[in-house]
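Trainee:
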Amino acid sequence: MNTVITIGRQFGSGGREIGEKVAEHYGIKCYDKELLSKAAQESGFAPEMIQNHDERPTNSFLYNLVIDTYSFGYNSSSFVDMPISHKVFLAQFDTIKKIADEGPCVIIGRCADYALADRKNVLNLFICGDESCKIKRIMSRFDDVDSEEKAREMMIKKDKQRQSYYNYYSSKKWGRADSYDLTINSSRLGIDGTCNLIYQFVDDFENNK
Numbered sequence: 004m005n006t007v008i009t010i011g012r013q014f015g016s017g018g019r020e021i022g023e024k025v026a027e028h029y030g031i032k033c034y035d036k037e038l039l040s041k042a043a044q045e046s047g048f049a050p051e052m053i054q055n056h057d058e059r060p061t062n063s064f065l066y067n068l069v070i071d072t073y074s075f076g077y078n079s080s081s082f083v084d085m086p087i088s089h090k091v092f093l094a095q096f097d098t099i100k101k102i103a104d105e106g107p108c109v110i111i112g113r114c115a116d117y118a119l120a121d122r123k124n125v126l127n128l129f130i131c132g133d134e135s136c137k138i139k140r141i142m143s144r145f146d147d148v149d150s151e152e153k154a155r156e157m158m159i160k161k162d163k164q165r166q167s168y169y170n171y172y173s174s175k176k177w178g179r180a181d182s183y184d185l186t187i188n189s190s191r192l193g194i195d196g197t198c199n200l201i202y203q204f205v206d207d208f209e210n211n212k
């Protein structure tokens with residue numbers, strides 16, 4: 004097993020839980036919030052700063068300048084003047100590449116598929132779900148979300164953030180089937196059934212290399 008699995012997900016779809024189960028199944032690491040703390044440690048940013056800009060876009064700067072700076076490195080003058088959100092993105096971008104260099108793993112969200120676009124050993128998955136199932140999961144997960152309306156609002160807000168972030172920093176479209184290798188509605192098979200489908204997909208991918 005030497006496949007890196009990236010998972011994009013709708014809020015409430017169980018994507019994080021699925022990622023953790025898949026990682027456990029293969030005996031590899033799963034990076035979600037851990038990615039943030041690792042990026043913070045390696046970049047010198049305070050963890051709170053990384054947290055505050057996690058998967059949240061900004062429109063205050065041109066995307067091309069970010070990529071130009073990425074090419075030139077952190078010592079260029081444009082990096083110094085860059086908004087903190089872009090610096091955080093670049094720190095995560097670097098961390099994702101380093102993590103993938105270390106070996107097989109599961110990486111949740113944060114444009115990992117885009118960061119690793121040039122690698123052949125990466126499978127990019129997207130987990131979606133039916134609204135009713137997502138609302139139910141959100142309400143069971145957050146004690147302060149005590150109504151379907153609150154859960155729906157939270158879901159819409161989080162997905163809008165993730166979509167804006169992905170579409171802003173990536174050249175692809177968040178949640179669109181052609182942006183990924185496999186898109187699964189977790190409401191159809193449940194968490195375990197979705198994981199079983201992913202195992203089969205990953206195993207076949209490994210065997211066909």
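If you're matching positions, the sequence shown starts at 4 in our numbering and goes up one per residue.
For glycine and all other residues, C-beta sits at the position ideal for the given N, C-alpha and C.
Within its chain, find whatever has a CB closer than 7 Å to the CB of threonine 98; leave out the 5 residues flanking it on each side and keep chain order.
Mentor: Taken in chain order, the residues that qualify are Leu38, Lys41, Ala42 and Glu45.
Trainee: Determine the contact status of isoleucine 21 and isoleucine 130, defining contact as a CB-CB distance below 8 Å.
Mentor: Yes; because the gap between Cβ atoms is below 8 Å, this pair is in contact.
Trainee: Looking at the structure shown, is leucine 68 part of a helix, part of a strand, or coil, going by DSSP?
Mentor: Confidence at leucine 68 is low in this model, with a pLDDT of 48, below 50, so its placement is unreliable and the value that follows should be read with caution. Helix, per DSSP.
Trainee: At the level of alpha carbons, what is the spacing between valine 7 and methionine 157?
Mentor: Each residue's alpha carbon lies about 30 Å from the other.
Trainee: If you drop the 5 nearest sequence neighbours on each side, which residues of the same chain put their C-beta closer than 8 Å to that of serine 189?
Mentor: Correct list, in chain order: Ser16, Gly17, Gly18, Ile21, Ile130, Cys131, Gly132, Cys136 and Thr197.
Trainee: Expressed to the nearest angstrom, what Euclidean distance is found between the alpha-carbon atoms of aspartate 184 and serine 88?
Mentor: In a straight line, the C-alpha of aspartate 184 is about 28 Å away from that of serine 88.
Trainee: Mapping DSSP to helix, strand and coil, what is cysteine 114?
Mentor: In this structure, cysteine 114 counts as coil in the three-state DSSP scheme.
Trainee: Mind checking which residues open and close the alpha helix (DSSP H) that includes tyrosine 34?
Mentor: It is not in any alpha helix (DSSP H) - tyrosine 34 instead sits in the beta strand (DSSP E) that spans 32-34.
Trainee: Buried or exposed for phenylalanine 145, please, with buried defined as at least 16 other CB atoms from any protein chain shown within 10 angstroms of its CB.
Mentor: That one is exposed.
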